[in-house]
Structure formats: C-alpha cells, structure tokens
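Protein chains: 2
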Amino acid sequence: MKHVTIKDVAKALNCSISTVSRAFNNKYDIHPDTREKILKMALEMGYSPNPIARKLTQQKTYNIGIVVPEFINPFFPEVIIGIQDVFLKKGYQTLIMQSNEDSNTELENIKTLENNFVDGIILSLSQKSQNIEYIQALIKKNYPIVLFNRINDSLPVSKVVFDDYKWAFFATEHLIQQGLKKIIHLTGPMQHNFAKNRAKGFEDAHRKYGIKISHEQFIETGLLIEDGEQIIEHLIKIKNLPDGIFAVNDPTALGAMRALKRNGIKIPQDIAIAGFSETPMAALVDPPLTSVLQPTTHMGEVAAELLYEQIISDSLAIPNTVVLSGKLNIRESSKRLK
Amino acid sequence: MKHVTIKDVAKALNCSISTVSRAFNNKYDIHPDTREKILKMALEMGYSPNPIARKLTQQKTYNIGIVVPEFINPFFPEVIIGIQDVFLKKGYQTLIMQSNEDSNTELENIKTLENNFVDGIILSLSQKSQNIEYIQALIKKNYPIVLFNRINDSLPVSKVVFDDYKWAFFATEHLIQQGLKKIIHLTGPMQHNFAKNRAKGFEDAHRKYGIKISHEQFIETGLLIEDGEQIIEHLIKIKNLPDGIFAVNDPTALGAMRALKRNGIKIPQDIAIAGFSETPMAALVDPPLTSVLQPTTHMGEVAAELLYEQIISDSLAIPNTVVLSGKLNIRESSKRLK
DNA sequence: AACGTTTCCGAAAACGTTTCCGGAAATTTT
DNA sequence: AAAATTTCCGGAAACGTTTTCGGAAACGTT
Numbered sequence: 040m041k042h043v044t045i046k047d048v049a050k051a052l053n054c055s056i057s058t059v060s061r062a063f064n065n066k067y068d069i070h071p072d073t074r075e076k077i078l079k080m081a082l083e084m085g086y087s088p089n090p091i092a093r094k095l096t097q098q099k100t101y102n103i104g105i106v107v108p109e110f111i112n113p114f115f116p117e118v119i120i121g122i123q124d125v126f127l128k129k130g131y132q133t134l135i136m137q138s139n140e141d142s143n144t145e146l147e148n149i150k151t152l153e154n155n156f157v158d159g160i161i162l163s164l165s166q167k168s169q170n171i172e173y174i175q176a177l178i179k180k181n182y183p184i185v186l187f188n189r190i191n192d193s194l195p196v197s198k199v200v201f202d203d204y205k206w207a208f209f210a211t212e213h214l215i216q217q218g219l220k221k222i223i224h225l226t227g228p229m230q231h232n233f234a235k236n237r238a239k240g241f242e243d244a245h246r247k248y249g250i251k252i253s254h255e256q257f258i259e260t261g262l263l264i265e266d267g268e269q270i271i272e273h274l275i276k277i278k279n280l281p282d283g284i285f286a287v288n289d290p291t292a293l294g295a296m297r298a299l300k301r302n303g304i305k306i307p308q309d310i311a312i313a314g315f316s317e318t319p320m321a322a323l324v325d326p327p328l329t330s331v332l333q334p335t336t337h338m339g340e341v342a343a344e345l346l347y348e349q350i351i352s353d354s355l356a357i358p359n360t361v362v363l364s365g366k367l368n369i370r371e372s373s374k375r376l377k
Numbered sequence: 040m041k042h043v044t045i046k047d048v049a050k051a052l053n054c055s056i057s058t059v060s061r062a063f064n065n066k067y068d069i070h071p072d073t074r075e076k077i078l079k080m081a082l083e084m085g086y087s088p089n090p091i092a093r094k095l096t097q098q099k100t101y102n103i104g105i106v107v108p109e110f111i112n113p114f115f116p117e118v119i120i121g122i123q124d125v126f127l128k129k130g131y132q133t134l135i136m137q138s139n140e141d142s143n144t145e146l147e148n149i150k151t152l153e154n155n156f157v158d159g160i161i162l163s164l165s166q167k168s169q170n171i172e173y174i175q176a177l178i179k180k181n182y183p184i185v186l187f188n189r190i191n192d193s194l195p196v197s198k199v200v201f202d203d204y205k206w207a208f209f210a211t212e213h214l215i216q217q218g219l220k221k222i223i224h225l226t227g228p229m230q231h232n233f234a235k236n237r238a239k240g241f242e243d244a245h246r247k248y249g250i251k252i253s254h255e256q257f258i259e260t261g262l263l264i265e266d267g268e269q270i271i272e273h274l275i276k277i278k279n280l281p282d283g284i285f286a287v288n289d290p291t292a293l294g295a296m297r298a299l300k301r302n303g304i305k306i307p308q309d310i311a312i313a314g315f316s317e318t319p320m321a322a323l324v325d326p327p328l329t330s331v332l333q334p335t336t337h338m339g340e341v342a343a344e345l346l347y348e349q350i351i352s353d354s355l356a357i358p359n360t361v362v363l364s365g366k367l368n369i370r371e372s373s374k375r376l377k
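Now the structure itself:
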C-alpha cells in the first residue's frame, strides 16, 4: 500500500517537510499564505499525515482501550456507544475488548491494551476478577484509568457508578407495597460493590417498613440467565419458594421467570418479580418485567469525559466518583395490587 | 510514560540494537546463546518492542477493522467474538466500529479505519447503505476487505453468507405443514441479498406445495422490533391478518408477537409465527419463538480466515464466497399441529 | 598455508512525522 | 543609519524499531 507522504508534498512545492508539518499542525511560525498553499496541494495529492508516524513522534496513540466483561447483554454495548461518541469527537479511536466474564482473559486484554500504548483505559470488571493488584500497579505508574459500573473501592481512580442502593431500595419498596410477605434477593457476586449496594437497598427497604428480614432471603448468584434458572429450580426442589423476587439484574430475573413458568407458577399472582438494568428483553417477555432503568449511554459519556480529563492533565489526577440516577419501570411482573 | 527501549537493552549488554532486534524477531543470523542472553535481560528490564515503531517500520499495523451496522442485537457481537478469536491468535488487534444503521456513520467508520491504516476490513452493510462506490474504490486499490451477512453482489470481494434461501424454504415449509392457509413474509429491506434470498425461499416453498402466492404476502419492513410491531398494527387496522408469519429476523418477529398479544391474538392458535437468526430472546418469550439458527461465531471465524489469506497474499485475491448452513429450532410459536 | 564459505555481529539507513534551533530577511525601534 | 526585534523558513535530530550490507572471525576445503 503506497501512500503519499509529507516528502511528496514538500517536493511538489519546493519547500521543506518542516513547513508542511507546520501547515498541518497550526503552528504559529508559518505564513498564512504558505499554509493555504500547502493544504491545497495536500488535498490535490490526497495527502494526510500518517497517524502511525504521529503516534511515534508524539508518544500518544490517540487510542482508548475499553474492557468490558462481556458484550452479548446490550448493557455494555450501550455504554460503549456513549464512550465512542465522546472520544470520536476528540479524534480518538476506541479498542474494544471483551473478557467473556473470565479473569484471565481480562488480564490478557489489559496487557494487550498496555502493549499497544493506549492513552487510557475504561474498564468494567469481570465477575470473578483477580486483577486488582495488576490494575493497582498501572495506577501507580499514573496510567489513565476509569472504572465504571463494576468497580472495586480499593482502586484510587475515577469511577462512574449508578445509585444501586437507592434504586434497589425503591424497587424493593415497590414489591413490599404489593403486599408481599417474603421477598428474596438474588444478589449476584457479592465481591462487587454494585451487588453489595443493591443488597443494602433491599435490606433497608425492609427496615423502613419494620419488616424483619432473615439472611436466607439473600441468595448469592451469578449474573446470567442460567443462574436465575438454577436458583428457582433449587428453591422448588426444597419447597422454599418466596412470594416475591428482587433480582440483581434482568438476565437473572429472566432466567428465574423461565423456570417459574416451566413449573406452572404464575407471575405475579404466585410470585412477583423485579429485575435491574432494563434490557430490551424486559418489555418483551410475558408478563413484561418490572426493572430499574440505568442510563447506559450517559454512563459511557461520563466515563469518557473523566478519562479525557485525566489524559490531558499533566498533574496527578484526583479521583472522582460520579453517581448516576435512573428510573423504576413498573410492569406486569410485579403488580399484585391494582 | 517512560518505557524501556531497545537502546537500553543494547547498552546493558554492550551489543548493538540490531542484535537485540534480531533476537526478538527470530532472525537466522544471531547466535542462540546471544539470543537467549538478550531475551533474559529484556525480561528482567521489562522491555518489549514498541508496537507503534514496529508498525511504522514494517508498514503494517496489525490492526483489523470491523464495521457492523449495530451491536445491540447479539448477532453482531457474536460474529465479532468469532473474528477476534481468530485474529488475536495471529497477533492482530481489532478495531470495532458500529454504524447505528446509518449510511453516513458507516462511511465515516470506513474512512477512520482507512486513515488508521488497518491491514484489512471486515464489513457488514447498514440497512440503507449508500457506500458501494466508496468500497469499490478501496477494492480497486487492493485494500483487503471481506463482507459478511449483509453483502452486495456487485462488490468483487470475498464474502461469508448464510444459506438464507434454503433455511427460509425450510422454515416456510414447516409453517405450510402446520396447515396454514395464508402466510405473510416480513421481508426486511429488499435491497439486501439476504432479504431477497429469504423471500425467494419463502416463495419456492409455496411453489413446492402447489400453493398460489400473491405479492401481497410479501411485506417490506425494517429489521427492528418496532418495525414488526408497526406492520401488525397496520394489518389489524385494515382487517387483513394472515394465519401465519415468516419474519426476516427475530427482532421483527418479536415486535410482531408483542403487537399480536397486545391485541389479544393468540400465538400460534390464531397466528403462527417463525423468525430467523435465533437471538437469545427467542427462547425466552412466551410462547418461545421458532427461529432459524445461524452459526454466528463460526461466521466470524470464516470471515477472519478469508481476510487473513488476503492480507498475507501478495498476489491479487480471487474472491471467494463461503455459504454457511444452520438449523431450524422449532418452538411453540409455530406449532399448530401436534 | 592459502583460499573459499559461513556465521554473527555492528553501523547506517529507512519508515513518516514532529520538534528544535539557527539563519536570513523583513520590520520596528532607537 | 544602525541596532534590535520579529517573522518565517530549512536542516538536523528525534521518536523506536527493522532491514540491509559490510567486515571480522571462525570454520571447512583444497
């Protein structure tokens, strides 16, 4: 692939390559007439600066790494779209890596991005991430990093999270207000902040209504459809079904619904259910699932702005945590009372 | 960000940078002992070659561009995973771009990748793509390109497609065998090959059973959930419902189902329905949707291998079209007969 | 021992751009 | 008019690596 180079333009105009470079980089020390002449000739010749050479000279790649735990569930693609929108406008390209919910793959992804000298990384941790120390070492080297959604409190970097506590509280409150007597919470992996906060919201909503709660009502699960299914099958087997379910996310809720329906249990008449994070599936299943809506694209935008600030700032970044709010979409799955 | 360079390693060992380079690139003209000594020292010093400098020297970026029309629907993420798996093993990184089903965004994405000197592009066209001529010009410049799924026959490049005709035929046959008298086909945008082939399969299945078919039974739609919904609302309004629906893809089918249920129409008793491309949603809705399964990850792998062959081949590539097969997953949505 | 071949290393140039510095010309100030 | 300052350009060096070529040393053949 033979491209027009800066040398070709300089030769065509009988000037130096420094002058061509100055024209393209808005330098103060070039005459406006010269600049115009160069830009015009470059356009005619189809020249534009080689980004690879620029990256080498400027020691910046204008690449941003995005590491997500998976991207089949639309949550992460939606966040990525937000990130991309912001960084594309600033002339950056995004390298998207997904970790298949696997800690080792996640580590390889991070290393690959590091080896590619990306200017920064936006990261959401996989379920069973073992990579905190590695990330800590990167942060120590002042490597620009922003965490979103699945974070770890011990990492001193900027973070974008959702108000899991508040909205779990509201969702649980809504379930309590349906007259439910025994609600269980499918928590997701409790090593993660979002899971802890949602569980806390679940617990405190009970406290508000003076309802005693037992630790049996917290069931630690994975985050997938299959995880929800398995729990329900288990609860059926030991004849210990609740009358309400608050699930950590929509896939878990959808899996639970599937198992309930397969066993002839009516939703919401026998068991009411609410999910979290509002996938498109929520509105499509029967009955439509009550779910907390998270502002995914906006989360991506905020994460991108935080990372950009870090990149352009020479001084040591002061970590900033942005907490986003949402909405409770009440649908048929949880409506016991009219 | 100060990195260890090849100069640091050469200095530490009192040898030349050429020798260090030879050690890292498995050159024939370096002594094995020397090579080992260098690799060991590099490991201790934390040195690895700067990929940016490599890209400049070797005139290859080891970046592959992937352009998909959208990535909220899991179909494209699954294909991307297949592509990534193949190229990561070959030392390539993938730049994923998505076009929001917009022709202009798609063109910008292609240009961005071109400007980043990616070694090749794997591309699936957006719904209303107007970029055929631009892509044609890239192909003329011998730019490695592979199309998948949403292709255009006039582009002389390698392609990976699914046997839309055959499986549309089988899905329609299955519907016909349920005793349906009037089946409509929601076609998707008929400018695309996949839509044309699925429509042809639909038509020829009728022909096989000697069933007359009218052009009213082909309804051109978009590809989204909302598109399916709108068509059903329209057909209800003009009191022209069929007893069977063959939809171009699952989102369209799911949208149709949603509108049918909202209007108290029973699936499959009143109207049977089959989709195409087997999203996870198909098995989760009520009733579970009959759908043609496409081998998404495998499609990505095949596309990647085709592109790789093109990249490493110096001679003019001979376009190759690979046609993949699938499976018809029959579920409750289409079962009229036991 | 002399000659030819092979091995393995170092130096220089290349990749395409940006940055820095010096010098010449033009302009302004004294 | 002379001196000081500003403008604007070209050349050289830098970025970090790979590739090419030449030369010295070791080895093999005559």
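Residue numbers (the working numbering), protein chains in the order written: chain G, 40 to 377; chain U, 40 to 377. Virtual Cβ for every residue (Gly too), placed ideally from N, Cα, C. As the structure is a prediction and not an experimental result, all values here were calculated from the model.
Let me know the beta strand (DSSP E) ranges lying completely inside the segment 78-130 of chain G, each 3 residues or longer, listed in chain order.
The segment 78-130 of chain G contains these whole beta strand (DSSP E) runs: 102-107.
Considering only DSSP beta bridges, list what V331 (chain G) is partnered with.
Residue 331 (chain G) sits at position 292 when you count from the first residue of the first sequence. Answer by DSSP bridge pairing, in chain order: G:F315 and G:L367.
List, in chain order, every chain G residue whose beta-carbon is nearer than 8 Å to that of D325 (chain U).
One-based indexing of the second sequence puts residue 325 (chain U) at position 286. Per Cβ cutoff of 8 Å: K300, V324 and D325.
What residue range does the beta strand (DSSP E) around M136 (chain U) cover?
Within the second sequence, the letter at position 97 stands for residue 136 (chain U). Annotation for M136 (chain U): the continuous beta strand (DSSP E) segment containing it runs Q132 to Q137.
Per-residue contacts from K167 (chain G) into chain U (C-beta, under 8 Å):
Walking along the first sequence from the start, residue 167 (chain G) turns up at place 128. Listed by position along chain U, the residues whose Cβ is nearer than 8 Å to that of K167 (chain G) form an empty set, because the closest Cβ is around 20 Å away.
Three CB pairs or more closer than 8 Å across the segment 92-104 of chain U and the segment 116-135 of chain U
Inter-segment contact for the segment 92-104 of chain U and the segment 116-135 of chain U is present: three or more beta-carbon pairs are separated by less than 8 Å.
Run through DSSP, which three-state label would H42 (chain G) get?
Mapped onto the first sequence, residue 42 (chain G) falls at position 3. Secondary structure of H42 (chain G) (DSSP, three-state): coil.
Looking only at its own chain, which residues have a Cβ that is under 7 Å from the Cβ of E344 (chain G), when we skip the five neighbours before and after it?
Numbered from 1 along the first sequence, position 305 holds the residue referred to as residue 344 (chain G). Here the set comprises V125.
Beta-carbon contacts of V196 (chain G) that lie in its chain and below 7 Å, excluding the five residues immediately before and after:
Within the first sequence, residue 196 (chain G) is the residue found at index 157, counting from 1. Contacts found: I178, I184, V185, L186 and P358.
Which of the residues in the segment 133-155 of chain U, read from start to end, lie with their CB under 9 Å from any CB of chain G?
If you check each beta-carbon in the segment 133-155 of chain U against every beta-carbon of chain G, the ones closer than 9 Å belong to T133, L134, I135, M136, Q137, N139, E147, T151, L152, N154 and N155.
Taking all protein chains shown into account, decide if V362 (chain G) is buried (16 or more other Cβ within 10 angstroms of its Cβ) or exposed.
Walking along the first sequence from the start, residue 362 (chain G) turns up at place 323. Under this definition V362 (chain G) is an exposed residue.
Residues near S372 (chain U) in its chain [Cβ-Cβ closer than 6 Å; skip 5 each side]:
Numbered from 1 along the second sequence, position 333 holds the residue referred to as residue 372 (chain U). Cβ-Cβ distances below 6 Å link S372 (chain U) to I306, P307, I312, P326, L328 and T329 in the same chain, with the five nearest sequence neighbours on each side left out; the list follows chain order.
Report the residues of the segment 82-93 of chain G with a CB closer than 8 Å to any CB of chain U, ordered along the chain.
The segment 82-93 of chain G vs chain U, Cβ under 8 Å: S87, N89, P90, I91 and A92.
Using beta carbons (cut-off 9 Å, strictly below), is P334 (chain U) in contact with chain G?
For the purposes of this step, residue 334 (chain U) is taken as the residue at position 295 of the second sequence. False, the Cβ-Cβ gap to chain G never drops below 9 Å.
Expressed to the nearest angstrom, what Euclidean distance is found between the alpha-carbon atoms of F110 (chain U) and P116 (chain U)?
As a working mapping, residue 110 (chain U) is identified with position 71 in the second sequence. As a working mapping, residue 116 (chain U) is identified with position 77 in the second sequence. The alpha-carbon of F110 (chain U) is positioned some 6 Å away from that of P116 (chain U).
F201 (chain G) - partner residues in DSSP beta bridges:
Position 162 of the first sequence, counting from 1, holds the residue named residue 201 (chain G). F201 (chain G) is bridged by DSSP to G:L363.
Which residues in the same chain as H231 (chain U) place their Cβ atom closer than 6 Å to its Cβ, once the five residues preceding and following it in sequence are excluded?
Residue numbering aside, residue 231 (chain U) sits at position 192 when the second sequence is read from its first letter. Within the same chain, and ignoring the five residues on either side of H231 (chain U) in sequence, the residues whose Cβ sits closer than 6 Å to its Cβ are R189.
Residues of the segment 301-320 of chain G with a CB closer than 8 Å to any CB of chain U: list them in chain order, please.
Legend: CB atoms of the segment 301-320 of chain G lying less than 8 Å from CB atoms of chain U belong to residues P319 and M320.
So, at 6 Å on beta carbons, what are the nonlocal neighbours of I77 (chain G) in its own chain, with the 5 sequence-adjacent residues on each side left out?
The residue given as residue 77 (chain G) occupies position 38 in the first sequence. Excluding positions up to five away in sequence, the list reads V59 and A62.
Since I believe A286 (chain U) is in contact with F257 (chain U) (beta carbons under 8 Å), could you give me their beta-carbon distance rounded to a whole number of angstroms?
In the second sequence, the residue the question calls residue 257 (chain U) occupies position 218. In the second sequence, the residue the question calls residue 286 (chain U) occupies position 247. Not a contact, Cβ separation roughly 12 Å.
Closest Cβ-Cβ distance between P108 (chain G) and chain U: below 9 Å?
Locating residue 108 (chain G) in the first sequence gives position 69, counting from the first residue. False, the Cβ-Cβ gap to chain U never drops below 9 Å.
Measure the Cβ-Cβ separation of R105 (chain U) and I160 (chain U) and say whether it is below 9 Å.
Here residue 105 (chain U) refers to the residue found at position 66 of the second sequence. Here residue 160 (chain U) refers to the residue found at position 121 of the second sequence. First, the amino acid is wrong: residue 105 (chain U) is Ile here, not Arg. One thing to note: I105 (chain U) has its Cβ within 9 Å of the Cβ of I160 (chain U).
Using the three-state DSSP reduction, which class does F241 (chain G) fall into: helix, strand or coil?
Taking the first sequence and counting its residues from 1, the one referred to as residue 241 (chain G) is at position 202. Of the three classes helix, strand and coil, the one that applies to F241 (chain G) here is helix, per DSSP.
Please state whether DSSP places A356 (chain U) in a helix, a strand or coil.
The residue you call residue 356 (chain U) lines up with position 317 of the second sequence. In the displayed model, A356 (chain U) falls within coil according to three-state DSSP, outside both helix and strand.
Give a yes or no on whether the C-beta atoms belonging to A210 (chain G) and G240 (chain G) are separated by under 9 Å.
Locating residue 210 (chain G) in the first sequence gives position 171, counting from the first residue. Locating residue 240 (chain G) in the first sequence gives position 201, counting from the first residue. Their beta carbons are under 9 Å apart, which means A210 (chain G) touches G240 (chain G) by this criterion.
Hey, how far is the Cα of A81 (chain U) from the Cα of I252 (chain G)?
Your numbering for residue 81 (chain U) matches position 42 in the second sequence. Your numbering for residue 252 (chain G) matches position 213 in the first sequence. Cα-Cα distance, rounded: 58 Å.
Compute the beta-carbon to beta-carbon distance between N148 (chain G) and S138 (chain G), rounded to the nearest angstrom, for a pair I have assumed lies under 8 Å.
What you label residue 148 (chain G) is simply residue 109 of the first sequence in a count that begins at 1. What you label residue 138 (chain G) is simply residue 99 of the first sequence in a count that begins at 1. N148 (chain G) to S138 (chain G), Cβ: 6 Å. Contact.
Cβ distance (whole Å) where E140 (chain U) is taken to contact P113 (chain U) below 8 Å:
Position 101 of the second sequence, counting from 1, holds the residue named residue 140 (chain U). Position 74 of the second sequence, counting from 1, holds the residue named residue 113 (chain U). So it is not a contact: roughly 16 Å between Cβ atoms.
Answer with yes or no whether the minimum CB distance from E75 (chain U) to chain G is below 9 Å.
Sequence index remark: in the second sequence, residue 75 (chain U) carries index 36 (1-based). By this cut-off, E75 (chain U) is not an interface position.
Show which residues of chain U have a CB atom less than 7 Å away from the CB atom of E242 (chain G).
Locating residue 242 (chain G) in the first sequence gives position 203, where the first residue counts as 1. For a Cβ distance threshold of 7 Å, nothing in chain U lies close to E242 (chain G): the least Cβ distance comes to about 29 Å.
Against chain G: residues of the segment 116-134 of chain U by CB proximity under 9 Å:
Residues passing the 9 Å Cβ filter: P116, E117, I119, I120, Q123, L127, Q132, T133 and L134.
Distance, R297 (chain G) Cα to M40 (chain U) Cα:
To locate residue 40 (chain U), count along the second sequence from 1; it is residue 1. To locate residue 297 (chain G), count along the first sequence from 1; it is residue 258. Confidence at M40 (chain U) is low in this model, with a pLDDT of 48, below 50, so its placement is unreliable and the value that follows should be read with caution. Straight-line Cα distance between these residues: approximately 51 Å.
Taking P113 (chain U) as the query, report the chain G residues whose CB atoms sit under 7 Å from its CB, ordered along the chain.
Here residue 113 (chain U) corresponds to residue number 74 of the second sequence, with the count starting at 1. Those are I111, listed as they occur along chain G.
Establish whether the CB of M296 (chain G) and some CB of chain U are separated by less than 9 Å.
In the first sequence, counting from the first residue as 1, residue 296 (chain G) sits at position 257. Judged by the 9 Å Cβ criterion, M296 (chain G) is in contact with chain U.
List the residues that DSSP assigns as beta-bridge partners of F257 (chain G).
Your numbering for residue 257 (chain G) matches position 218 in the first sequence. G:H224, per the DSSP bridge assignment.
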